[in-house]
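Structure first, commentary second.
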Amino acid sequence: MRRVCFLLKVRPERLAEYRERHRAVWPDMLDALRRAGWHNYSLFLRDDGLLVGYLETADFEAARKAMAATEVNARWQAEMAPFFEDLDGRPDEGMRPLDEVFHLD
1 MRRVCFLLKV
11 RPERLAEYRE
21 RHRAVWPDML
31 DALRRAGWHN
41 YSLFLRDDGL
51 LVGYLETADF
61 EAARKAMAAT
71 EVNARWQAEM
81 APFFEDLDGR
91 PDEGMRPLDE
101 VFHLD
């Protein structure tokens, strides 16, 4: 499994709502993520809006494409887009994986 980590920036004035939305992620969105090969997926949010995402997947590009092909992801991305700074378009298109430089197994 490949470990993938990425950063995004949530608008500070939307932090509380962003947290609330993620307490109740739609069941069909969760199912789509699992079917697309997203495993051990976590989001961490700092008080200044820095969002750190982590997931494990066999093939990140294939997992992204599988999600992009779902209707539920299109709806979720459209609802989440206004929460983010410095993104044109869907938040999932703004994910740029960080280079892994160390891992302790």
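The numbering of the sequence shown is my numbering, which starts it at 1 and goes up by one.
Glycine included, C-beta positions come from ideal geometry on N, C-alpha and C.
Predicted model only: the values in this text are computed from it and were never measured.
- Rounded to the nearest angstrom, the Cβ distance from VAL10 to PHE84 is 6 angstroms, consistent with a contact under 8 angstroms.
- Remark: three or more beta-carbon pairs, one from each stretch, lie closer than 8 angstroms, so the region 40-51 and the region 11-26 are flagged as touching.
- Residue range 2-9 is occupied by the beta strand (DSSP E) that includes ARG3, with no alpha helix (DSSP H) assigned at that position.
- In the structure shown, HIS22 falls within a helical segment according to DSSP collapsed to helix, strand and coil.
- In this structure, DSSP gives GLU56 an extended state, which the three-state scheme calls strand.
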